[in-house]
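Straight run, no breaks: the sequence shown in our numbering ends on number 270.
Cβ coordinates follow ideal geometry from the N, Cα and C atoms, glycine included.
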Amino acid sequence: MSFELLVIGGGRMGSALVEGLLSAQWCGPESLAIVESVAEQRTVLSDKFVGVRVLSSLELEHVGANTGAVLCVKPDSAEGAARAVAMCGVRRVLSVVAGLSTQRIEAAFVGPAAVVRSMPNTPVLIRKGVSAIAGGSYVTASDLDWAESILGAVGTVVRVSERNIDAVTGLSGSGPAYIFLVVEALIEAGVHQGLSREVSRQLVVGTLEGSAALLSQTGESPEELRAQVTSPGGTTAAGLRILEGRAVRAAFLEAVAGAAERSRQLGR
Ligand SMILES: NC(=O)c1ccc[n+]([C@@H]2O[C@H](COP(=O)([O-])OP(=O)(O)OC[C@H]3O[C@@H](n4cnc5c(N)ncnc54)[C@H](OP(=O)(O)O)[C@@H]3O)[C@@H](O)[C@H]2O)c1
């Protein structure tokens with residue numbers, strides 16, 4: 003029996019995608035198969051995704067003319083997984099594997115294959131991710147639409163050229179960690195001002211959620227929104243002056259540049 007979509011690797015990323023695809027009704031469960039090498043994880047997946055086939059390995063019979071595959075395995079297993087899907091006749095692949103170029107995935111195929119590379123971030127696990135996609139040598143607009151529809155089930159999607167994927171990795175791929183560091187520091191700052199840790203956490207997480215919603219719902223720029231809470235000579239101005247004096251803005255510029263450079267090194 004052939005499937006519409008094969009999810010190769012049923013770990014955190016593969017499971018999040020299957021969950022998003024089913025809940026967005028991208029296809030019915032009978033059209034999806036997950037290929038997972040770990041037996042205990044296969045049991046977990048079968049219990050969680052009723053009606054979705056969970057396979058230990060891919061066979062020719064699972065692949066029809068329109069079957070696509072999503073590579074969701076760790077980088078060190080990814081080229082082997084690409085060769086396995088190529089051998090079974092898959093011609094359209096979306097990869098979420100960090101650091102693996104479309105060229106290296108294409109090399110697993112004999113002849114042209116449509117390969118779309120993506121860089122999602124961890125909030126895809128709760129369907130609030132942001133992913134960038136980039137097409138390889140043989141992709142068409144419909145291949146990119148296909149990839150966007152899959153990752154769109156777990157968040158928002160932007161299109162970039164592949165040379166920008168390292169920048170995306172340094173910005174939104176690593177971005178949740180930068181934000182968590184800021185949150186940690188602010189919670190600690192609240193504690194230093196005499197608030198209990200729990201109250202400080204509630205205040206900081208609520209501030210983060212509310213600020214993100216203001217940005218996305220009003221469409222106003224961060225500069226405009228910041229000006230609205232910064233009265234001349236007021237409390238926010240006093241706090242911001244210290245952050246600017248400590249070069250926080252420059253630190254973020256360097257952090258993203260450093261992470262992007264590390265992504266370039268790892269991909270070589
Ligand atoms: N998690 C994220 O937020 C995130 C963000 C951006 C990109 N990514 C990328 O997403 C990929 C998957 O990450 P993850 O966090 O989902 O990893 P994970 O939880 O470790 O899941 C990978 C799963 O795939 C299995 N597997 C490995 N090779 C296989 C094969 N050839 N056929 C079938 N199953 C196979 C693994 O089994 P074994 O344990 O035996 O290897 C494991 O169960 C990585 O390449 C990562 O770079 C993840």
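Please confirm whether any heavy atom of ligand 1 lies closer than 7 Å to the CB of residue i.
i: Thr158; result: no
i: Met15; result: yes
i: Thr104; result: no
i: Cys90; result: no
i: Glu38; result: yes
i: Ala84; result: no
i: Thr124; result: yes
Taking just the CA atoms, how far does residue j sit from residue i?
i: Gln105; j: Arg55; result: 30 Å
i: Gly154; j: Leu24; result: 12 Å
i: Ala191; j: Ala257; result: 22 Å
i: Ala249; j: Thr142; result: 44 Å
i: Leu47; j: Gly12; result: 7 Å
i: Ala67; j: Val92; result: 8 Å
i: Asp2; j: Val20; result: As shown, the chain starts at 3 and ends at 270. That puts residue 2 outside it, with no answer to give.
i: Glu186; j: Leu255; result: 20 Å
Exposed or buried, residue i, counting other C-beta atoms within 10 Å across all chains shown (16 or more means buried)?
i: Ala18; result: buried
i: Ser218; result: exposed
i: Asp78; result: exposed
i: Gly241; result: exposed
i: Cys74; result: buried
Note down, in chain order, each residue of its chain lying with its Cβ closer than 6 Å to the Cβ of residue i, except the 5 sequence neighbours on either side.
i: Leu175; result: In the sequence on display, residue 175 carries Gly and not Leu. Result list for Gly175: Met121, Asn123, in chain order.
To which residues of the same chain is residue i closer than 7 Å at the C-beta, ignoring the five residues directly before and after it?
i: Ala86; result: Leu60
Who are residue i's beta bridge partners in DSSP?
i: Val132; result: Thr158
i: Ile10; result: Val37, Leu73
i: Ala116; result: Arg94
I'd like to know whether the C-beta of residue i is nearer than 8 Å to at least one C-beta of chain D.
i: Arg165; result: Judged by its chain identifiers, the structure shown contains no chain D, having just a single protein chain.
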